[in-house]
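Notes for the one structure printed next.
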Amino acid sequence: GITRHYNFDIKMQNVTRLCHTKSIVTVNGQFPGPRIVAREGDRVVVRVVNHVQNNITIHWHGVRQLRSGWADGPAYVTQCPIQTGQTYVYNFTIVGQRGTLFWHAHISWLRSTLYGPIVILPKRNVPYPFPKPDKEVPIIFGEWFNADTEAIINQALQTGAGPNVSDAYTFNGLPGPLYNCSAKDTFRLKVNPGKTYLLRLINAALNDELFFSIANHTLTVVDVDAIYVKPFTTKTLLIAPGQTTNVLLKTKPHLPNATFLMAARPYATGLGTFDNSTTAAILEYHHSNTSKNSMKKKLPILKPTLPLLNDTSFATKFTNKLRSLANAQFPANVPKTIDRHFFFTVGLGSNPCPQNQTCQGPNGTKFAASVNNVSFTLPTTALLQAHFFKQSKGVYTTDFPTNPLFKFNYTGTPPNNTLVSSGTKVVVLPFNTRVELVMQDTSILGAESHPLHLHGFNFFVVGQGFGNYDPKKDPAKFNLVDPVERNTVGVPSGGWVAIRFLADNPGVWFMHCHLEVHTSWGLKMAWIVLDGKLPHQKLPPPPSDLPQC
Ligand code: C2O
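Pasting the structure below:
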């Protein structure tokens, strides 16, 4: 592979959406941010210079970061933030991945405006395992807030209430024609008849899983989270924050007498306070020899139908269709046996209201979220540094509970006690541990799938179900043949998911819900994977420009 160099200058930029102008944090003044393009095997070197008042880190979401954990990016996990005026060079190699990933800020809620696509092409002269597309188009979904997102989350954390929802969802930063004062901010995809387009879909929204569909067109799913899958066709797809999906779009053989809307809106199982509006973009067939006549004719615009907000049956069917290729060229290396089994509950809970304060969360408490009833608190220095230099004292403890602290029936009446404890607790894994992790949603408060994202690894989704996970019956049904391999999986609301991965990447690896508000409330934890014995199984020392706290 070759080395690809990028400069990311973090700076403020005025951006107007929905007739509302605000100054946002951007990379190089672009919103959404620049695209990173690399081939499998290439090295990517990104020099990030912070010219703004906020502390910054950038995460290369889904990049495995094999023995390059110092470049992973989550603030206070693998690095201290890049402070105003400072520079940090992220340096990593793309190994064994092809498809689409994305980069985003990984501190507070700055990823609301700091995000962009990562396009990973196959090695030179290696074809795709599907028909070669005529053109490739990244489409990154986001959320636009008229207000400042840092203010929104800081206020929510103080009052204990749920944060304000966004004002629009966006296609490549544009809300589209279904919002007020937004028609001119519409993404238009111009296509020719009879061609194949590879759409690289990315959900960079902060807090919502999205359905996506194009009117009168069918999509073929070929890749998720930068791993090829067995192709299947669908009219609609579901994509959670942190997930990416490559689809083939075959355009109609003849110029159709219509234009088509592409649209996306949320999937959520319960009625919560979230924005359930629809973002749209236009699929426009290119009229090459446009006569005056056809220009005058107003073409009808066809709208897609999207599943209902709470269509869990669609969601379940869709996720069950995702399967690894699992062939000789692209094997699914699922751990067939395991060394460690973990059972984690994930969900929302609450913290008591401090004295002399009124809290606006559930029953006068503060919203919190937890894994095994522990709400994770970030340290004031980076976990990876503390681990590498053997200075864990006062930074983290290794007593993360391997089972939930409270036992209850996850489908019955929610328990009265929703209180969580807090701490910076981690799980330590010896090198090459074969891990099985079952994550059970508790649905105590709120009802949404939790898109759990694991840094540093892909995992195989070997099973999922509704109700209580049954350790006696469910493992027998696990798919160890062609389970989908990915980095973010939805723990279904009121259900569970089982994943397996090989802990072959030494470092400290964050795992969290990719609904940003849940992360803020503590639905996160970290794994420490120890060095192996051989030189190539060890994490190298940090780069000399690693930011200090
Ligand atoms: Cu896309 Cu830890 O994040």
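Here the sequence shown stands for residues 510 to 1058, where the numbers follow our numbering. We put the CB at the ideal spot given by N, CA and C, even for glycine.
Extent of the continuous beta strand (DSSP E) to which residue i belongs
i       : result
LYS1042 : Neither: LYS1042 is in no beta strand (DSSP E) and is coded neither H nor E.
VAL904  : First-last for VAL904: undefined, no H or E at that position.
ALA790  : 788-794
SER621  : It is not in any beta strand (DSSP E) - SER621 carries neither H nor E in the DSSP assignment.
ILE748  : 745-748
LEU708  : 705-712
SER722  : 718-723
ALA692  : It is not in any beta strand (DSSP E) - ALA692 carries neither H nor E in the DSSP assignment.
ALA837  : Premise fails: ALA837 is in no beta strand (DSSP E) and is neither H nor E.
Supposed contact pair residue j and residue i - C-beta distance, whole angstroms, cut 8 Å
i       : j       : result
GLY932  : THR906  : 7 Å
LEU710  : ILE648  : 5 Å
ALA724  : PHE696  : So it is not a contact: roughly 15 Å between Cβ atoms.
ILE748  : SER833  : Going by Cβ atoms, the distance from ILE748 to SER833 rounds to 18 Å, so no, they are not a contact pair.
ALA878  : GLY856  : 7 Å
PRO1056 : CYS589  : 5 Å
SER722  : THR745  : 4 Å
PHE966  : ARG576  : The pair is not a contact, with the Cβ atoms about 13 Å apart (cut-off 8 Å).
LEU1032 : PRO750  : With a Cβ gap of about 13 Å, LEU1032 and PRO750 do not count as contacting.
LYS875  : ASN860  : 4 Å
ASN819  : THR778  : 5 Å
HIS964  : TRP1018 : 5 Å
HIS613  : ALA713  : 6 Å
ALA841  : CYS1058 : About 40 Å separates the two Cβ atoms, so there is no contact after all.
With 16 other Cβ atoms within 10 Å as the buried cut-off, status of residue i
i       : result
LEU683  : buried
ILE511  : exposed
ASP1054 : exposed
LYS805  : Low per-residue confidence applies at LYS805: pLDDT is 49, beneath 50, and the placement is therefore not dependable, though the value from the model is reported in the following sentence. With fewer than 16 Cβ atoms within 10 Å of its Cβ, LYS805 is classed as exposed.
ARG995  : buried
THR742  : exposed
GLY594  : exposed
ASP950  : buried
HIS529  : exposed
PRO1049 : exposed
LYS934  : buried
GLN894  : buried
VAL635  : exposed
LYS1042 : exposed
ASP676  : buried
HIS568  : buried
THR622  : buried
VAL937  : exposed
ARG526  : buried
ARG633  : exposed
SER532  : exposed
ARG643  : According to the sequence displayed, residue 643 carries Asp and not Arg. Classification for ASP643: exposed.
HIS763  : exposed
GLY870  : buried
PRO863  : exposed
According to DSSP, residues forming a beta bridge with residue i
i       : result
ASP732  : TYR737 and ASN755
ASN516  : ARG556
LYS934  : THR906
TRP1018 : TRP1036
ARG849  : VAL944
LYS699  : GLU793
GLN522  : ILE533
PHE769  : LEU792 and LEU811
SER1053 : Answer is none; SER1053 lacks a bridge partner.
TYR776  : GLU718
THR679  : GLY651
SER859  : PHE876 and LEU928
ILE629  : ALA547 and GLY608
PHE854  : Residue identity check: residue 854 is Thr in the sequence provided, not Phe. Bridge partners of THR854: GLN949.
THR742  : THR729
Residue i - containing alpha helix (DSSP H), residue span
i       : result
LYS830  : 821-830
SER1029 : 1025-1029
Below-9 Å beta-carbon distance, residue i vs any chain B residue
i      : result
LEU710 : Protein chain content of the structure displayed is limited to a single chain, and chain B is not contained in it.
Checklist entry - Which whole runs of the beta strand (DSSP E) in the stretch 861-896 are 3 residues long or more, in chain order? => result 875-880 and 883-885
Next on the checklist: To test your reading of the DSSP string, which unbroken beta strand (DSSP E) runs of 3 or more residues are found completely within the stretch 936-1015?
Outcome noted: 942-950, 959-963, 968-975, 997-1000 and 1004-1012
Checklist entry - Which ranges does the beta strand (DSSP E) cover as unbroken runs of at least 3 residues, wholly within the stretch 527-574, from first to last along the chain? => result 529-536, 545-548, 552-559 and 567-570
Checklist entry - Which runs of the alpha helix (DSSP H), 4 residues or longer, sit entirely within the stretch 634-676? => result 658-668
Next on the checklist: Please give me, in chain order, every unbroken run of the alpha helix (DSSP H) with length at least 4 that falls completely inside the stretch 585-615.
Outcome noted: none
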